Amino acid sequence: MMDLTVMPKINKAAGMEVSGVVEAVGKNVKKFKPGDEVMAITAGYHGGWVEYVCASVNVTAIKLSILTFEEAATMCLSGISAYGAVNLAKVTKNQNVLVYGASGGVGQYVVQLAKMRGAKVTGVCSTRNLDICRRFGADEVIDYKKEDFSNSGKSYDVVFGINGNNPLWKYKKVLKKAEDISRLAI
Ligand SMILES: NC(=O)c1ccc[n+]([C@@H]2O[C@H](COP(=O)([O-])OP(=O)(O)OC[C@H]3O[C@@H](n4cnc5c(N)ncnc54)[C@H](OP(=O)(O)O)[C@@H]3O)[C@@H](O)[C@H]2O)c1
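Every number in the numbering used here is 5 more than the matching position in the sequence shown, counting from 1.
As structure tokens, this is what we get:
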């Protein structure tokens, strides 16, 4: 584990997110110590499908003890992407929020984080994932195989379009303040 500026150049392997036990730390690293159970993103430096990785402290976090290593390794990038998007859109209590792609890697976290902030969440996904989406906390669900969300007549304070399946105008159509593009997280 090292400071980003002194990361060594290592041959790239496939894979991106990792979890494991810290073996050694750089001399300036204070946040982690050998033996810590951590999860990290290795993107941009070298891949994660290896026995040992060199991870930057900036993209490493302590693994919660309730998580297995396998669970922790799946959370990093999608969780951070969702967290960044929810912060960017400034989701707050009682807002109506639409999450398109709510059953996916990123969408499931967006739904949960928006609910944690007290928003009313409508999730869009396919028929087979409607129940999962509800379990993540969605108050309402729309099955994109049966209904076009942009024709529902409903509008939302914040819209998350978490895949490339719609043109921008469709999302803008259901945004309460269509001119406030910062409320549209694609
Ligand atoms: N995963 C990450 O860590 C990450 C990080 C940054 C950016 N991204 C980007 O974010 C986007 C989503 O990634 P993801 O990992 O969340 O993908 P994912 O797990 O494959 O989820 C895709 C979502 O889109 C829905 N979907 C699939 N086909 C669709 C269709 N034809 N029409 C409407 N909705 C459809 C899926 O619903 P059903 O499964 O119910 O059909 C699901 O909710 C991608 O563009 C990815 O590059 C991902």
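We put the CB at the ideal spot given by N, CA and C, even for glycine.
From a predicted model like this one, the values you see are computed outputs, not experimental measurements.
Taking the Cβ of Y88 as the reference point, every heavy atom of ligand 1 lies at 7 Å or farther away.
The continuous alpha helix (DSSP H) containing M121 extends over residues 112-121.
With a threshold of 16 other beta carbon atoms within 10 Å, K95 falls short and is exposed. Note that the C-beta distance between K17 and E42 is not below 8 Å. Contact between the segment 85-104 and the segment 117-130 is present: 3 or more CB-CB pairs across the two stretches fall below 8 Å.
N101: member of the beta strand (DSSP E) spanning 101-105, first to last residue. Of the candidates T47, G20, V62, the residue whose Cα lies closest to the Cα of N33 is V62.
Residues A107, T127, G128, V129, C130, L135, C138, R139 of the same chain have their beta carbon placed closer than 8 Å to that of V146, with the five preceding and five following residues left out of the count. K125 is bridged by DSSP to N101. If you look at D136, you'll find it in the alpha helix (DSSP H) that goes 135-141. By the Cβ rule, the segment 150-158 does not count as touching the segment 71-91, because fewer than three pairs are nearer than 8 Å. In this structure G53 is buried. Its beta-carbon is surrounded by 16 or more other beta-carbon atoms within 10 angstroms.
The Cβ atoms of K98 and R122 lie closer than 8 Å to each other. V91 and L118 have their C-alpha atoms roughly 7 Å apart. Here the distance from the Cβ of I167 to the nearest heavy atom of ligand 1 is below 7 Å.
Contact between V115 and A87 holds, since their C-beta atoms are separated by about 5 Å, short of 8 Å.
Note: A45 is bridge-paired with V23, T65 in the DSSP secondary-structure output.
Following the DSSP letters along the chain, one finds G166 inside the beta strand (DSSP E) bounded by residues 163-166.
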